[in-house]
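The listed protein sequences correspond, in order, to chains A, B and C.
For the first sequence, the positions run 0 to 222 when numbering that gives the first Met the number 0 is used.
For the second sequence, the positions run 0 to 979 when numbering that gives the first Met the number 0 is used.
For the third sequence, the positions run 0 to 472 when numbering that gives the first Met the number 0 is used.
For glycine and all other residues, C-beta sits at the position ideal for the given N, C-alpha and C.
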Amino acid sequence: MAQVFTRRANTIARLSIFVGIPLVLALLSAAWWYYTRSDWIRDVGPAHAVVQPGGGFSHQLHIGGLKMDCRYCHTAVEVSSSANIPPTETCMGCHSQVLPQSPKLEFIRTSYAENMPVQWNKVHDLPKFVYFNHSIHVDKGVGCSTCHGNIATMAVVYKTEALYMNWCLNCHRNPEQFLRPQSEIYNTAWQPPADQIAQGLKLKEQYGIRSSYQLTNCSICHR
Amino acid sequence: MSKESLDIQGSSGQSYWRSLEELSQSAEFRARLEREFPREAAELRDPVSRRSFLKLMGASMALSSLVGCQFALKQPQEKIVPYVRQPEQVIPGRSLYFATSMTVQGYGIGLLAESHEGRPTKVEGNAFHPASRGSSDAWIQASVLTMYDPDRSQQILKAGQPASWEDAFTALGSAYAQAGSGLRILTEPTASPSLVAAIQEVVGAGAKWYQYDALSGDNTRAGAQAAFGSAVNTIYAFDKADVVVALDSDFTHGSATSIRYAQDVASKRRITSDEPVMSRIYVAEPTPSNTGALADHRLAVKSGDIAAVTQAIAAAVGVSVAAPTLPEATQKWVATAVADLQAATGKSVVIAGETQPAAVHALVHAINAALANVGSTVNYTAPIIDADTGAASLKALVDEINAGAVSMLVIADVNVVYSAPADLNMAEALKKVATVVHLGLYNDETAAASTWHIHATHYLESWGDTRAYNGVVSLQQPLIAPLYDGKHLSEVLNALTGKRVSAHDAVKGHWQAQLGLDGFTFDKAWQTALHDGIVAGASAIGSTPVTLGTVGAAAGASSDGLELIFRADPSLRDGSAANNGWLQEVPKPFSKLVWDNSAQVSPETASKLGVKTEDVVTLTINGRSVEAPINVVPGQANDTVVVHLGFGRTQAGKVGNGVGFNSYALRSSDAMWVANGVTVSKTDKTYKLATTQSHYNLEGRDFDILHAKTLAEYLEEKKAGVKHKKHEIYSLFPAYDYSKGYQWGMTIDLNACNGCNACVVACQAENNIPVVGKEEIWRGREMQWIRIDTYFSGDSSNPTIYQQPIACMQCEHAPCEIVCPVAATVHDSEGINNMVYNRCVGTKYCSNNCPYKVRRFNFFQYADEETPSLKLQRNPDVTVRVRGVMEKCNYCLQRINEARIDATREDRVIQDGEVVTACQQACPSQAIVFGNINDTSSQVAKLKALETKFTVLDSLNTKPRTSYMIKFTNSNPELSGKTE
Amino acid sequence: MQSSQPLKPPVVETYDELLGPGETYTSVTAKIGDIVLYPLLKTPWGWIGGFVAAGLFLMLYLYSLATLFTVGIGIWGINIPVAWGFDIINFVWWIGIGHAGTLISAILLLFRQDWRTSINRAAEAMTIFAVACAGIYPLVHTGRPWLDYWFLPYPSTLGMWPQFRSPLEWDVFAISTYATVSVLFWFVGLIPDLATLRDRAQHPIAKIFYGILSLGWRGAAKHWQRYEMASLILAGLSTPLVLSVHSIISFDFAVSQLPGWHVTVFPPYFVAGAVYCGFAMVILLMIPIRSWFGLHGLITMRHFDVMSKVMLASGLIVTYGYFGEIFYSWYSGNIYEYYLIVSRTTGPWAWSYWALILFNVLVPQLLWSKKFRTNLPVLFFISICINIGMWFERWVIIVLSLKRDFIPTSWGVYTPTFYDWATYIGSFGLFFVLFFLFVRLLPMVAIFEVRDLVHKTEHKAHDKKEGHGHAGA
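Set out below in structure tokens:
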């Protein structure tokens, strides 16, 4: 009686078991890896800059160009959990004098006149159950650029870090990799020195930073 | 705690508030609010919709759960909405505290309100204020929720139709002009100086001002008149009293003075050393009260028989009245009490409750005089509210109306159609008045019977001033602009005379005149007053000399038959807050009943009537009757039926409507508290009652759960040097080193706790705990993180009552931690058992393995994420839990973290008392102490060092961080510890 | 039924043999093979009816699960303190049922018990389907089932790993291993039969279907040698599993410190219980199947007799466990344990405890007598009792313990809702849908092994060393 399968079927069977299945598994894990760690999903990098309302706000111009200090606008950064987005008032403080007619600033003037807040788009958006506190970080030697990148070069702000939990833990476990002297906190172009680890350990001592066991308590960030 | 003053009208905040007002109507505004406070999600859940929860499942539910699942491929784009003009002092991300005050039954209580970016989220007592001294109670804690209640009246109504303030303004003016002497004003009792002045100004010749409070203290007032010939205000100094005899008086709970008195009593009961000294408390009462639970000797007697007991005491201490004959047990109780009283002359207090007739109060004044307590523990001052505020006052008004003397009636902040005694037939009476103007928070029963309804401002929304029980004046400053542009009584009064004066100007003007200071000095004084919450110029009033007249006998023939006793509901009080989910859901003391009231009877009476819990009976008196479910409560006097007021609302709002039965319908103006001759007839119906506790027996486990002994016993053992061996139990797990850094711990003193529920509601407010509704509670799914366990021991007719607050114990060997498969509940280096909501998958294994059963689970999406106004109340420092996650007490981690971060920034250590948990802060008895147990100088460390401390379920070696003080009964040997 | 009449030979019950009289190589192959290769359109009405009925229950199951996901697990009766209810009861119950299959196929293979041959295939299938039913419960009993993958140890962006001290985490590995090995073992055992079917099949689709599944089996000696090796290895692998899986599941309770859970006897006692109700389920399935498909010659009374003995033995171990619990509760002097037994035996839910004693301890005593062991109606009844009893055992352990723990004020009640029942009854739908498909599409008795048995019986007198190899030829 006629065979349904030729001898070649055996080879196919073997292939499908010893090559096909591993291949499928490999593809699946690759897809998962990409989904969780690609810049696309994490919105990291210039390609994913967030467009802001009106003319937007150029950190490149104000910090890079005009050498303004971060704290001129983000006034609460040293005392509060949030590094506040400045009220329209702050913008108008200068722009009632500087470029008072610029069409780019129309949306600021409207906001001020009509008393309607500007609705900025959030760039660094942590989940609601994460309680990040700016004040303690800047106080203990974590500079702006460690998390936000060199803002001074960004015409439109984008994320340089995904702000994933394992990324946070990396620093909470070994802070010395990122600590810098108080004078450098707001230096957006700061680069770690060659002997960063040695420096970092010294600073850790000096800032009285707690042990990694304490810094990785869940309650540090989650409540 | 930083306290700031913010004179809103004056400061740059003004424009911001204005803009809020303008915006508050528009949908965009609400949308923006949601974006501006993204952490918010509301919690109040309409029990009706809760009940039909399963039926209503569908698209919306599916959606909300999908949101929970975070199925979105990428994180959605969020907005940040900064201020346009940032108000002074506001630092985004940091809370501010403002001194303000609220009134309870007309008397002021000073408060400190916490504000997040302009949203009041929580109130605490003001440490400077005599009535609160930093503490609060459930009622005060829940008042925040009332302000954000979406069911609040949001517009002016003319005969039910929306109208503008302009219309109202002109209409009121003309009506007032016509009315002339036909004007009557009916308010809740008020001691507010500026308001009283304003009312008296409006009430010219002919017109009259009445005050009514369903829970009025008229009897007390009348009693003083009977004793001294003039009304006086009595102030007790329980902190000086070694012996207290309370005659049907629940003075530690539910009144304007209860917070202060609870503190004072507790100061004589708290265990601070291994040689405890305690006051002795005698309580005679018909139904268990929080004060009764504190008592060393509690006697359950019918309300009508209290008079006889009082008179017996009076006779025994030398007041010239005949000693009535009492049952043997009662007689013995009286004799012992008198012995103790006379041993402590000048250091004792005898107090009668407002539910007792004037004659009893008169006798009590005589007794205190005879015991030389007057001037030391009992002080008399001029009355703070010098008017009848009860049935008499209301009856007079109704008589006037029926006589046709009233053409215009302004009703302010009192829901009189609901809360008036039934025989006055208020709704009918109002029909006879040409113009009835109602000012109130809700479009309630009275609003429906009025020509005009004007929506009032909440105390957190408006300016005002209040006067405390001892005359101290405090200012009431708004924390937020009126959400719905409501009106304050002073504005309405001014509208009558055609004046447009803001509440702010009214009160400021009044005090400028009173203090008679010039502009600059006044502004300084004003700022100080706002900052401290107290007007320095008008402090406590001195005591007035009194001369005791002859007091007559009080004891009548003790009535047989059933006694119907009306009581304020322990949670809802008179029912004005019936739409407040927190108060509806907080378990009532002892019965642990939620979302209902009931006809309470003692076990014996129940069997005599042939009824059991959840049977529906018909209560009939004077031809009026209501149907009520029976609830059998141990410790209640036989032949009494207790019904709580405040339920059966028809126009309270989505939450309060149709909850329980309306017992006002049985109340008549001549029997406001006790009525004889009630008939109880069993129907064939039964009614489901939801309680949070079903088992009240310790099952012989007291050695492991609740240590209790009499003080005498303990002291003898101590003298004899009896050492209770603490056998060490060893653990297989390596011990963590908790010797360094902050190690948080708590002690709870069972001798101070009276079970008032302040901690429960405070915790709910602080930690965004959702309300789940009756059906869910019935299923056993209550969410409050701290509960107050109640145990009865001894015979059911007069048991000893034990109460024990239980929250997460923060075990050092936490059984919950080792069983969680995803490490969602783990220990931190400071000894706190962290619950990481966002990591929780919801296996519920931790709860099964928790011997204290203090874990709570979100079986559904309990947190209301739709209602915008409710989102504003959320505490932004605490995650709002989604469906499917476990939650529990965590020692207010958010407060610890804030303190730690501030301290670390300032390179110092956290001071003792710098971190206060919500429950500790609220507790009027200061029974809860929290702090760093590694700091030997801290209060908590000292208390934990005492040998009177014990921990719950020691035998399991869980090593709880929360410990308790042995519950001592300072009983008189004469009465063998318990009165049986 | 009537359509399956032609299949049915005159019933001749065999009591002491593993094969009916006159069973030959061909008759065996024909009997078993024909059931499967029976033309689609001539499928017996009995099968169709049963399949549709099972399908309806499956629908109910899916509906209740859908509601569960969209609304939340609050639709169940669980609460605090009774946070586990039907979900975990059913989980333990189903996984227990699975055990008989593995025991029969693995341990009895190693012990060379001939009587396993004609029932192991169906029993293994039952195992796999039962594990499938069981496995679903722990996945859906969580508050946020869409996050169940957090149970798996994988390099996540959270930098978090599972908490390996938790018995639930052990379950993840225990159950997944158990399922994998069982499926492998079952499939490997099928290969020779699939080949037989491929060769006997008429319809081209059938040819291709079985052709692919039989992985090019040609019955060569080399094939048989490897087959024997593979099945021995797998048997060796799954033998410890029979003991480990239910032991680990018993840790869910034994490791906790709740009175009634914190019991050291649990592991052996759970395993015995598993085997107990597993065999009951096998008997429950075999009795109708063998009469419907006329397999009296292949599944004889001897089989039932032996299985009953196993049931009786494991039942006695379980009984020992029950009395053990009572003894410890008194002997330990621990008032919590003691009170628990008191409330179990006299409390409001005492009836469920006594039901358990009746079904699991008293009724099975009938099995002492061979008369009952070989009386199918009685056996059927006893098996049902045992399955109900074992369900009650988990009810008593889980619910009654949780209702009454340490602090009396937090004692609770538990009332199952519609959805509790739907998710339980519905799971039978899943089980039987799978089982019906199995009997229709795959040989429910291992053809070649029974032929081997024929071989042995025929050459009983002669040496038994003669190669199994011939059997397949």
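Hey, how far is the Cα of residue i from the Cα of residue j?
i: P86 (chain A); j: A112 (chain B); result: 25 Å
i: F379 (chain C); j: L151 (chain C); result: 41 Å
i: V193 (chain A); j: G148 (chain A); result: The question names Val, but residue 193 (chain A) is Ala in the sequence shown. Using only the alpha carbons, I get a separation of about 19 Å.
i: A129 (chain C); j: I965 (chain B); result: 53 Å
i: T251 (chain B); j: A813 (chain B); result: 36 Å
i: V915 (chain B); j: G930 (chain B); result: 8 Å
i: V877 (chain B); j: S81 (chain A); result: 15 Å
i: T456 (chain C); j: F326 (chain C); result: 49 Å
i: P820 (chain B); j: S144 (chain A); result: 37 Å
i: F473 (chain C); j: S213 (chain C); result: Outside the displayed span of chain C (0 to 472) sits residue 473 (chain C), for which this structure offers no information.
i: Y195 (chain A); j: I208 (chain A); result: Correcting the residue type first, residue 195 (chain A) is Gln in the shown sequence and not Tyr. Their Cα atoms are separated by approximately 16 Å.
i: L955 (chain B); j: I87 (chain C); result: 25 Å
i: G403 (chain B); j: T354 (chain B); result: 33 Å
Would the beta-carbon of residue i fall within 8 Å of that of residue j?
i: Y153 (chain C); j: N89 (chain C); result: no
i: S266 (chain B); j: D238 (chain B); result: yes
i: T156 (chain C); j: N186 (chain A); result: no
i: A206 (chain B); j: L182 (chain B); result: yes
i: L393 (chain B); j: L438 (chain B); result: no
i: G652 (chain B); j: L144 (chain B); result: no
i: C758 (chain B); j: I533 (chain B); result: no
i: A984 (chain B); j: G253 (chain B); result: Summary: the structure shown does not reach residue 984 (chain B), with chain B confined to residues 0 through 979, and so no result is reported for it.
i: L495 (chain B); j: V201 (chain B); result: yes
i: L109 (chain C); j: G428 (chain C); result: no
i: I340 (chain C); j: E324 (chain C); result: yes
I believe residue i touches residue j by the beta-carbon criterion, under 8 Å. Please report the beta-carbon distance rounded to the nearest angstrom.
i: L362 (chain B); j: T324 (chain B); result: So it is not a contact: roughly 17 Å between Cβ atoms.
i: I366 (chain B); j: A322 (chain B); result: Contact flag wrong, Cβ pair sits at about 13 Å.
i: Q341 (chain B); j: S134 (chain B); result: Their Cβ separation, rounded to whole angstroms, is 33 Å, which puts Q341 (chain B) and S134 (chain B) out of contact at 8 Å.
i: T947 (chain B); j: P275 (chain B); result: 7 Å
i: N218 (chain B); j: A447 (chain B); result: About 31 Å; that fails the 8 Å criterion.
i: L401 (chain C); j: N847 (chain B); result: 6 Å
i: S662 (chain B); j: F565 (chain B); result: 6 Å
i: D788 (chain B); j: Q692 (chain B); result: 7 Å
Any chance you could list the beta strand (DSSP E) runs of at least 3 consecutive residues sitting entirely within the stretch 158-224 of chain B, in chain order?
160-162, 182-186 and 207-210
Proximal residues, the stretch 11-41 of chain A versus chain C, C-beta separation under 8 Å
A12, T35 and R36
When Cβ atoms are compared, which residues of the stretch 153-170 of chain C fall closer than 8 Å to chain A?
S155, T156, L157, G158 and M159
Could you please tell me which residues of the stretch 851-884 of chain B, in chain order, have their CB closer than 7 Å to any CB of chain A?
D876, V877 and T878
Any alpha helix (DSSP H) of 4 or more consecutive residues that is wholly inside the stretch 34-70 of chain A
38-41
Against chain C: residues of the stretch 144-169 of chain A by CB proximity under 9 Å:
A161, Y163, M164, N165, W166, C167, L168 and N169
Please identify, using Cβ separations under 8 Å, the residues of the stretch 830-850 of chain B that lie next to chain C, in order along the chain.
R838, C839, V840, G841, T842, K843, Y844, S846, N847, N848 and P850
Identify each residue in the stretch 84-104 of chain A for which the Cβ-Cβ distance to at least one residue of chain B is less than 9 Å, and report them in chain order.
I84, P85, P86, T87, E88 and T89
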